[in-house]
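J.: There's a structure below that I have some questions on.
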Amino acid sequence: MSWTVIQQIIPVFVQAFWLTLKLSFYGIIGAIIVGMIASFLRYFKVPVLRQISAVYTEVSRNTPLLIQLFFIYYAFPEIGIKISASAAGISGLIFLGGSYMAEAIYGGLNGVAKIQVESGLAIGLSRGQLARYVVFPQGLTLSIPAIAANVIFLIKETSIFTVIAIPELTNTALDQIGLYYHTDESLFVLVIAYAIILIPLSIVLTWLERRTRRGAFGN
Amino acid sequence: MATPLLQVEHLEKSYGDVHILHDIDLTIDTGSVTVLLGPSGSGKSTLIRCLNGLEDFQSGQLVFSGQPVVPSPKVWQQLRQKIGMVFQSYDLFPNLTVLDNILLGPLKVQHRAKAEATAQAIKLLKEVGLAEYQDAYPRQLSGGQKQRIAIVRALALNPEFMLFDEVTASLDPEMVRGVLEVLRNLAQQKMTMLVVTHEMNFAREIADQVVFLENGRILEQTPGQQFFTNPQTERAQIFLNSMDF
């Protein structure tokens with residue numbers, strides 16, 4: 009392994025690093041929004057939409073991201089939907105992540121103690137008020153650990169973007185290897201790059217879990 | 064002549080094939096204290112929960128303030144402002160301060176002015192001896208304190224009728240007294256109350272009427288003192304003998 013080579017390839021990896029972060033960020037935000045909508049539909053038992061969201065959840069969770077990306081990037085243009093590789097990547101991440109986030113959030117909402125719901129009803133709160141003042145603040149807090157695990161999972165999944173030639177970290181590493189045989193150096197930098205994203209993030213998320221839990225429940 | 068606040072007529076309740084309550088007939092007069100007694104599993108909690116819509120029932124009817132209750136979520140949501148309930152577990156909202164727990168109903172449900180509702184909340188907190196805890200979170204309080212605040216939270220809606228479902232049953236013995244004291248004061252203020260309790264001395268002291276429930280049937284509905292000195296049924300006698308008081 010050569011330090012000269014590492015110094016030489018760092019600039020492309022820095023670019024790839026920011027791209028990975030950017031795509032992850034949009035994908036995760038989108039996934040959380042989709043997840044919230046899907047979990048609310050299920051929690052409030054909204055007719056029809058709830059069934060549609062259940063079908064979505066099954067399809068999303070039981071197909072690989074790889075195949076989802078192939079569909080979005082290669083099959084959709086056949087029916088007239090043509091988007092850039094980055095947009096396809098973000099869409100794929102949202103499609104996959106949305107269902108995982110939905111499960112995480114629904115689990116939290118469902119985990120709110122029944123007596124909390126009943127005491128809310130007993131003071132005359134409507135279903136909507138109950139959700140706003142009691143169930144969501146407690147339920148979302150309960151779902152934070154699962155959401156955090158999904159955040160980490162989705163960032164790692166961006167490595168699959170390489171199959172639609174998005175120059176994120178994994179793609180960049182494979183490129184460096186394929187074009188210049190910088191195998192050791194590229195894999196080394198690749199691992200370091202993911203670690204720089206994921207290790208601090210998981211520390212921050214763990215801290216956040218504890219903090220919000222304390223805030224909401226005092227333990 | 065006493066006027067009935069709540070009449071329960073021929074109420075039947077089952078979960079699937081399991082019949083929980085049989086032909087419940089019960090009248091609760093305005094300003095009176097009714098104590099609901101019975102062995103565990105007799106249907107006391109289910110009955111009390113039917114009276115504020117937390118459980119539905121298959122047939123029979125409730126008449127509140129002379130108006131038949133037509134059960135629907137909307138009707139119950141309205142009625143629950145008049146029928147307060149306190150549960151066995153201290154069920155404050157952990158994400159809100161004591162004052163916010165109390166004000167949630169008055170502000171969001173009844174849309175009352177904040178200054179007026181806050182003044183009332185603080186007055187009620189003083190009455191239960193917890194005024195200095197208004198900004199505390201539930202986790203900072205003991206079980207007995209939480210339970211007294213849960214009572215205040217229900218009272219803040221100015222209910223006409225209060226349901227107490229074994230509110231001292233999960234408390235440490237030294238906490239029980241403070242909570243019973245609050246109930247005693249309410250009774251003196253002529254709050255109409257239905258109380259499920261296993262505190263027999265307290266029941267004896269406070270009850271205008273005792274309802275004895277077993278296997279989902281009302282076996283006795285008698286004036287308070289009479290139940291304790293001269294129960295009408297053998298089952299009630301056995302129940303009283305089994306209680307240590």
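Going down the list, the protein sequences come from chains A and B.
Position one of the first sequence corresponds to residue 9 (this note's numbering), numbered consecutively onward.
Position one of the second sequence corresponds to residue 64 (this note's numbering), numbered consecutively onward.
Beta carbons: idealized from backbone N, C-alpha and C, even for Gly.
Predicted model, so just to flag it, every value in this text is computed and none were measured.
1. Give a yes or no on whether 8 Å exceeds the smallest Cβ distance from A/Gly-132 to chain B.
2. Under 8 Å, Cβ to Cβ, is there at least one residue of chain B near A/Pro-145?
3. Residues of the segment 109-129 of chain A in Cβ contact with chain B at a cutoff of 7 Å, in chain order, please.
4. If B/Leu-84 and B/Leu-74 are in contact, beta carbons under 8 Å, what's the gap, nearest whole angstrom?
5. Compile a chain-ordered list of the residues in the segment 36-58 of chain A whose CB is closer than 8 Å to at least one CB of chain B.
6. If we define contact as Cβ-Cβ less than 8 Å, is A/Phe-225 a contact residue for chain B?
7. When you compare only the Cα positions, how much space is there between A/Leu-167 and B/Asn-115?
8. When you compare the segment 35-54 of chain A with the segment 100-112 of chain A, are there three or more beta-carbon pairs, one atom per stretch, that lie closer than 8 Å?
9. Of the choices B/Val-230, B/Pro-67, B/Val-98, whose alpha-carbon is the least far from that of B/Met-92?
10. Taking the Cβ atom as the reference point for each residue, do B/Gln-151 and B/Val-230 lie within a distance shorter than 8 Å?
11. Less than 8 Å between the CB atoms is what I'm expecting for A/Leu-133 and B/Leu-117, so what's the real figure, rounded?
12. In this structure, what does DSSP give as the bridge partners for B/Leu-89?
13. Are any of the Cβ atoms in chain A nearer than 8 Å to that of B/Asp-271?
14. DSSP beta-bridge partners for B/Glu-283?
15. Which residues of chain A have a Cβ atom closer than 8 Å to the Cβ of B/Gly-168, listed in chain order?
16. Just to check, is the beta-carbon of A/Leu-57 closer than 7 Å to a non-hydrogen atom of the ligand SAH?
17. Quick one: what does DSSP say B/Lys-76 is sitting in, helix, strand or coil?
18. So is B/Val-172 in contact with chain A if we call contact Cβ pairs under 8 Å?
19. Residues of chain B with a CB under 9 Å from the CB of A/Gln-76: which are they?
20. Just to confirm, is the Cβ distance from A/Gly-106 to A/Ala-39 under 8 Å?
21. State the Cα-Cα distance for the pair A/Leu-126 and B/Ile-146, rounded to the nearest angstrom.
22. Taking only runs that begin and end inside the segment 95-128 of chain B, name each unbroken beta strand (DSSP E) of 3 or more residues, in chain order.
23. In three-state terms, what does DSSP make of A/Gly-43?
24. By alpha-carbon positions, which one of B/Gln-300, B/Gly-207, B/Gln-121 ends up nearest to B/Val-191?
25. Give the secondary structure of B/Ile-146 by DSSP, where H, G and I count as helix, E and B as strand, and everything else as coil.
26. Looking at C-alpha atoms only, which residue of A/Gln-184, A/Lys-164, A/Leu-216, A/Arg-135 is the closest neighbour of A/Thr-28?
27. From A/Asp-183 to A/Ala-173, what does the alpha carbon distance come to, in whole angstroms?
28. B/Lys-189 to A/Ile-205, Cα distance in whole Å?
29. Alpha carbon to alpha carbon, what distance is there between A/Ser-99 and A/Leu-77?
30. Which residues does DSSP list as the beta-bridge partners of B/Pro-131?
31. Please return the same chain residues whose Cβ sits closer than 6 Å to the Cβ of B/Leu-249, not counting the five positions on each side in sequence.
32. Can you find the residues in the same chain that come closer than 8 Å, C-beta to C-beta, to B/Leu-187, ignoring five residues on each side of it along the sequence?
33. Using a Cβ distance threshold of 8 Å, determine whether the segment 205-221 of chain A contacts the segment 145-159 of chain A, with at least three qualifying pairs required.
34. Taking the DSSP output, what are the residues bridged to B/Thr-255?
35. Going by the CB atoms, is the gap between B/Val-274 and B/Ile-281 shorter than 8 Å?
36. Work out the CA separation of B/Met-306 and B/Val-98 for me, nearest whole Å.
T.: Quick answer:
1. yes
2. yes
3. Ile-123, Gln-124, Glu-126, Ser-127, Leu-129
4. 6 Å
5. none
6. yes
7. The displayed chain sequence assigns Ser, not Leu, to residue 167 of chain A. Roughly 55 Å separates the two Cα atoms.
8. yes
9. Per the sequence presented here, residue 92 of chain B reads as Asp, with Met not at that position. When each option's Cα is compared against that of B/Asp-92, the closest is B/Pro-67.
10. yes
11. At roughly 13 Å, the Cβ-Cβ gap does not stay under 8 Å, so A/Leu-133 and B/Leu-117 are not in contact.
12. B/Val-71
13. no
14. B/Phe-275
15. Ile-131, Gly-132, Leu-133
16. The ligand content of the structure shown is nil, which means the ligand SAH is not present either.
17. strand
18. yes
19. Neighbours of A/Gln-76 on chain B: none; closest Cβ ~37 Å, over 9 Å.
20. yes
21. Position check: residue 126 of chain A holds Glu in this sequence, whereas Leu was assumed. One C-alpha to the other measures close to 14 Å.
22. 96-100, 122-127
23. helix
24. B/Gly-207
25. strand
26. A/Lys-164
27. 10 Å
28. 53 Å
29. 8 Å
30. B/Val-126
31. none
32. Ile-165, Val-215, Leu-218, Ala-219
33. yes
34. B/Phe-224
35. yes
36. 15 Å
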